[in-house]
Amino acid sequence: MKVEFSNFLESSRSKIRELVNRLYNHFDYVSVLGTDSKGSFFLVNANGVNVRDSAWTERGFVVRVHDGNYREFSFNNLDDIEGLERTITESIKIGSGMKLSSYPVIYEEKIEKNFSTNVKILPENVTAREKIEKLSEMKDIAFENSNKLKNFNAIYEEVQIAKMFVSKKKELSQSYVWTQGYLQPIVMDDNNIKEVYESFSGLKGVELLDEMMVKVPKVVKEAESLLNAERLEPGEYDVICSPDVAGVIAHEAFGHGVEMDMFVKERAKAAQYINKRVGSDLVTMHDGATAAKEVSSYFFDDEGTLGTDTVVIENGVLKAGLSDLLSAMKLGTKPTGNGKRQSFERKAYARMTNTFFSPGKDVLDDMISSIKKGYLLEKYGSGMEDPKNWGIQIMVTYAREIKDGKLTGKIISPVIMTGYVPDLLNSISMVSNDFKLSGSGACGKGYKEFVKVSAGGSYIKAKARLG
Amino acid sequence: MMIDKITKSLRATGVEDWKIIEKSVESKELFFIKKTLDMNRAKKVTQYELTVYKRFKEGGKKYMGSAIVKIHPTMSQDEIEKVVERALFAAGFVKNEPYPIVKPMKKDLRKSSKAFDRIDDIVNAIFVDDAKAWLNSTEVFLNVENVRILNSVGLDVAYSHERLEIEFVTTCKGKEEIELYWDLKTSNFSLENISSKVTEALKATADRAVARPIPKVNGIPVIFDEDGTEEILSYYLEKSSAMNVYEHMSSAKVGDKLQGNFNGSPVTLYIDPTIEESYFSKPFDEDGLELKKFRLIDKGILLSYWGNLRFSHYLATTPTGNATNFCVEAGEKSIDEFRSGKYIELKTFSDFQMDTLTGDFGGEIRLGWYCDGEKRTPITGGSVSGNIVDVQETLELSKETIREGAYSGPRALKICGAKIAGIE
Chain A
1 MKVEFSNFLE SSRSKIRELV NRLYNHFDYV SVLGTDSKGS FFLVNANGVN VRDSAWTERG
61 FVVRVHDGNY REFSFNNLDD IEGLERTITE SIKIGSGMKL SSYPVIYEEK IEKNFSTNVK
121 ILPENVTARE KIEKLSEMKD IAFENSNKLK NFNAIYEEVQ IAKMFVSKKK ELSQSYVWTQ
181 GYLQPIVMDD NNIKEVYESF SGLKGVELLD EMMVKVPKVV KEAESLLNAE RLEPGEYDVI
241 CSPDVAGVIA HEAFGHGVEM DMFVKERAKA AQYINKRVGS DLVTMHDGAT AAKEVSSYFF
301 DDEGTLGTDT VVIENGVLKA GLSDLLSAMK LGTKPTGNGK RQSFERKAYA RMTNTFFSPG
361 KDVLDDMISS IKKGYLLEKY GSGMEDPKNW GIQIMVTYAR EIKDGKLTGK IISPVIMTGY
421 VPDLLNSISM VSNDFKLSGS GACGKGYKEF VKVSAGGSYI KAKARLG
Chain B
1001 MMIDKITKSL RATGVEDWKI IEKSVESKEL FFIKKTLDMN RAKKVTQYEL TVYKRFKEGG
1061 KKYMGSAIVK IHPTMSQDEI EKVVERALFA AGFVKNEPYP IVKPMKKDLR KSSKAFDRID
1121 DIVNAIFVDD AKAWLNSTEV FLNVENVRIL NSVGLDVAYS HERLEIEFVT TCKGKEEIEL
1181 YWDLKTSNFS LENISSKVTE ALKATADRAV ARPIPKVNGI PVIFDEDGTE EILSYYLEKS
1241 SAMNVYEHMS SAKVGDKLQG NFNGSPVTLY IDPTIEESYF SKPFDEDGLE LKKFRLIDKG
1301 ILLSYWGNLR FSHYLATTPT GNATNFCVEA GEKSIDEFRS GKYIELKTFS DFQMDTLTGD
1361 FGGEIRLGWY CDGEKRTPIT GGSVSGNIVD VQETLELSKE TIREGAYSGP RALKICGAKI
1421 AGIE
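Which chain is which? The protein sequence lines are A and B, in order. Just so we're aligned, residue 1 is where the first sequence starts under the working numbering, counting upward by one. Just so we're aligned, residue 1001 is where the second sequence starts under the working numbering, counting upward by one.
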């Protein structure tokens, strides 16, 4: 079913055009991004139900103007366009003592286009009651499957994105739906309390709930197995990273490091490594809004640049970075459509979209067989980037022990994976022929500016320092 | 005017119990690369969050459903009415145990702000000179916020808040250029305070520039200086949460010895929403409940849970409101006294993580020092990990204190038994 565009944005178009025209009396470039995204969040657990609008719900505008450098103003009231023109010109004035950066005016080619996607079941076609009942059923199945379960969160979130970009030469609009879900059992025995999660996401509609339902028994058993987890002896090991963990490596290790606003700030070591080897021949990595169909697949970014597919690393050689419009102007490169905002209230930065390692030719069983002593790293909790120094930190929820080419059944939890990114990527010796992307959660730049991204890839075999 | 439109829709749809939060934010935002202003932004937005409650019975049992929706200032009366209808319908399937909403009270603590007049002075205070390290990039967010909370039984309270966030990255050249990341969130606009935070960050960056890979050591005490201290102590705050107890994320009971049989420092912990310079302080929580300072843990013994009206009602405990800031009483030893014999002292991490459910903690080390008993050497890389339940017996708190973000308390803590994943 087709995802319809926002009536509100459509009806605001003439006012926005009027504002753009008025602001051209003061500035030599003006653009406006309008957003009207709506969504709902549902959580059911043993103690109750939580229903609220999704945190990604927003309706508002951000105007960007050029006056030697670029300035922006975010607003969410359209009552008085003449008054808004005055407020914008006054609010973005700055003190005279500051040294200002200089940018040329953005060059634009004329384009007018409307984009939209289709989903199997539109969120608006299923009632809140039906969604709550399905999540309640998941919770009931979970409790039927374990007597160690203390609580079980079944979480589902649906968001319908609508964005409009208006400038003198561009008139773009897009609408699409993404959904995500979590199954999160909390188990307890006499000694321990543990939790684990299974996540689901995609450019999908309410059909995601059916994908979640069938995975409930598996995730409950997974949580129970953590109650017997042992701690790890720190050291360097042969590891196999699941597509989830491989994805977070792609994202943290190189994704953040090739965000090209970091090149402008001289914060990225990657800037000195373009066309140089940074990983083994088996490493090919992509990022792009059009590189895959997941939660960060869009038609144009928050600066009105059309989405692309960037080959970041090709056979171990660093090829290109990801840029927002202003960074590309500073660096003299072509923008890649990676200018993203947390919301209309925040600045656009160079951000990742769908980031992944391309699949290889190996088979997981062969990869396990090739390890004398090591670990299969299954799920991650979080990761942190270090673009300047290429350090990496990934909190891994649990790992399975491998001895003499076989999984022993022993579970290790938690595990911290750290290291130097090129060492890690150069150590990749096998890549499986599987491929999986995951787009639940959000990615920050530092500790703020959260945006939707997806990451993933294949099983990869590497050497890593675990703690 | 929007409040009138929303209440009109609430009446029209027959909603009996509701809560509205109106939040207006004006901001000035500056983005520097080195000392050059790369871009500036401003913001003027107002958001409305409506909670619709529905009391109903099913199978002889009483429930209190609710649904939270966002109302935008550009919504028409008809649009608002449809959103309210949707929320009311959804609330009818939310089978939560009944709980009260905040009683009537009227208090308007809003005041006009001249914070934006100070932005040039704030910028000047940030750009301090240092011979070795420098500011690579700096982002300044100065927000003036006005919040009003109303509900269906006559609550109408309001307050204003000035908030400053300075995110900055410091760089220094050693063998190669290295950087550290800092995020200062405060409502203290003292220029001396801002300059001193930046100066301290530049000094730490210069230390990281000459740091060596962390050695392979184990079984020696670990001192957490600032980064990590708040996160580790937040374990005790989360164990005391009424919501976590109700949701089975904590099994702590009033009177429990949360620290077990410890040999080190006792933990005495408060929540305090009144700290003037805290970015997180506020006089009312999201329900409009008036917040006060409250002692939760005394010398390791849980005195009371903290929680909002709903979860406090479920546990039949005094509602404290949602926690804003948490404070821990200082210990008796100085950080210098912690530094005896062999030890590892850790200053900053990539992203220190504390799992308050399991007690597991850890992080990749960006800067620390290793002392072999005589010589103190800056170190970097590797990681530290452990579980607070396993090591809390040895926990010692410093007598030096800090006030940072939502935390006020000992600047450092020392533990034995954490694992270090060293490099050389």
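Just so you know, even glycine gets a beta-carbon here, dropped at the ideal spot from N, CA and C. Remember, it's a predicted structure, so these values are computed and weren't measured experimentally.
Fill in: Contacts around A:T179, its chain only, beta-carbon distance under 6 Å, and the 5 residues preceding and following it disregarded
E158, K204 and L208
Practice prompt. Mind checking the segment 67-83 of chain A against chain B and listing, in chain order, the residues whose C-beta falls within less than 7 Å of any C-beta there?
Written response: Residues passing the 7 Å Cβ filter: N69, Y70, R71, E72, F73, S74, F75, N76, N77 and L78.
Item to complete: For A:S413, count neighbouring C-beta atoms within 10 Å of its own C-beta (all shown protein chains included) and say buried if the count is 16 or more, exposed if not.
Response: In the assembly as shown, A:S413 is a buried residue. Its beta-carbon has 16 or more other beta-carbons within 10 Å.
Worksheet item: Does the beta-carbon distance from B:L1309 to B:L1289 come in below 8 Å?
Response: Against a cut-off of 8 Å, the Cβ pair of B:L1289 and B:L1309 comes out as a contact.
Fill in: Spatially closest choice to A:K410 from A:K379, A:S438 and A:Y398, by CA coordinates
Comparing Cα positions, the closest option is A:Y398.
Worksheet item: With 16 as the cutoff for other CB atoms within 10 Å, does A:Y447 come out buried or exposed?
Response: exposed
Discussion item. Does chain A have any CB closer than 8 Å to the CB of B:E1022?
Written reply: no
Worksheet item: Quick one: which chain B residues come within Cβ less than 7 Å of A:D386?
Response: S1350
Worksheet item: Can we say the segment 170-179 of chain A touches the segment 188-203 of chain A, given the rule of at least three CB pairs closer than 8 Å?
Response: yes
Fill in: Chain-ordered residues of the segment 1248-1267 of chain B with a beta carbon less than 8 Å from chain A
H1248, M1249 and S1251
Worksheet item: Nearest to A:G419 by CA position, among A:V431, A:S440 and A:A462, is which residue?
Response: Scanning A:V431, A:S440 and A:A462 for the CA closest to the CA of A:G419 turns up A:A462.
Worksheet entry | Within chain B, partners of A:E18 - CB distance below 8 Å | Under the 8 Å cutoff, chain B gives no residues; its nearest Cβ is about 15 Å from A:E18.
Item to complete: Classify A:K334 as buried or exposed, calling it buried when 16 or more other Cβ atoms lie within 10 Å of its own Cβ.
Response: exposed
Worksheet item: Roughly how many angstroms lie between the CA atoms of A:V30 and B:E1238, to the nearest whole one?
Response: Using only the alpha carbons, I get a separation of about 48 Å.
Fill in: Buried versus exposed, by CB contacts within 10 Å (16 or more), A:T57
A:T57 is buried by the Cβ-count criterion.
Fill in: Complete beta strand (DSSP E) runs within the segment 264-344 of chain A (minimum length 3 residues, chain order)
285-287 and 310-314
Worksheet item: Is the distance from the Cβ of A:A154 to the Cβ of A:M138 below 8 Å?
Response: yes
Discussion item. Using only the alpha-carbon positions, how far apart do A:T75 and A:S91 sit?
Written reply: For the record, residue 75 of chain A in the displayed sequence is Phe; it is not Thr. Whole-angstrom Cα-Cα distance: 11 Å.
Worksheet item: At which residues does the beta strand (DSSP E) containing A:T471 begin and terminate?
Response: Residue 471 of chain A lies beyond the residue range present for chain A, which begins at 1 and ends at 467; the question has no answer from this structure.
Worksheet item: When the cut-off is 8 Å and only beta carbons count, does B:G1060 lie next to chain A?
Response: no
Worksheet item: If you check the beta carbons only, do B:I1297 and B:K1257 fall under 8 Å apart?
Response: The answer is no: Cβ separation not under 8 Å.
Fill in: Bridge partners - A:R231, DSSP secondary structure assignment
Paired residue(s): none; A:R231 is not in a bridge.
Fill in: For B:R1208, the first and last residue of its enclosing alpha helix (DSSP H)
L1191 to A1209
Discussion item. Tell me the residue span of the beta strand (DSSP E) that contains A:S438.
Written reply: K436 to S438
Item to complete: Answer with yes or no whether the minimum CB distance from A:I186 to chain B is below 8 Å.
Response: yes
Worksheet item: In whole angstroms, what is the alpha-carbon distance linking A:R52 and A:E378?
Response: 31 Å
Worksheet item: Would B:A1012 be called buried (16 or more neighbouring beta carbons within 10 Å of its own) or exposed?
Response: exposed
Item to complete: Determine, using beta carbons only, whether A:I106 and A:L325 come nearer to each other than 8 Å.
Response: yes
Practice prompt. Decide if A:Q174 is buried, meaning its Cβ has at least 16 other Cβ atoms within 10 Å, or exposed.
Written response: buried
Worksheet entry | Amino acids of chain B, ordered along the chain, whose beta-carbon sits closer than 8 Å to that of A:Y197 | The premise fails here: A:Y197 is roughly 12 Å from chain B at the closest Cβ pair, so nothing lies under 8 Å.
Fill in: Close-in-space but distant-in-sequence residues of the same chain around B:I1402 (CB under 6 Å, 5 per side omitted)
R1411
Worksheet item: With a cut-off of 8 Å, does the C-beta of B:V1107 fall near any C-beta of chain A?
Response: Residue identity check: residue 1107 of chain B is Lys in the sequence provided, not Val. Not closer than 8 Å to any Cβ of chain A, the Cβ of B:K1107 fails to qualify, so no.
Fill in: A:S280 vs A:I428 beta-carbon contact at 8 Å
yes
Worksheet entry | Per DSSP, cross-strand counterpart(s) of B:G1429 | As shown, chain B starts at 1001 and ends at 1424. That puts residue 1429 of chain B outside it, with no answer to give.
Worksheet item: Does the pairing of the segment 1012-1026 of chain B with the segment 436-453 of chain A give three or more beta-carbon distances under 8 Å?
Response: No, the segment 1012-1026 of chain B is not in contact with the segment 436-453 of chain A.
Worksheet item: How is B:R1310 classed by DSSP in three states: helix, strand or coil?
Response: helix
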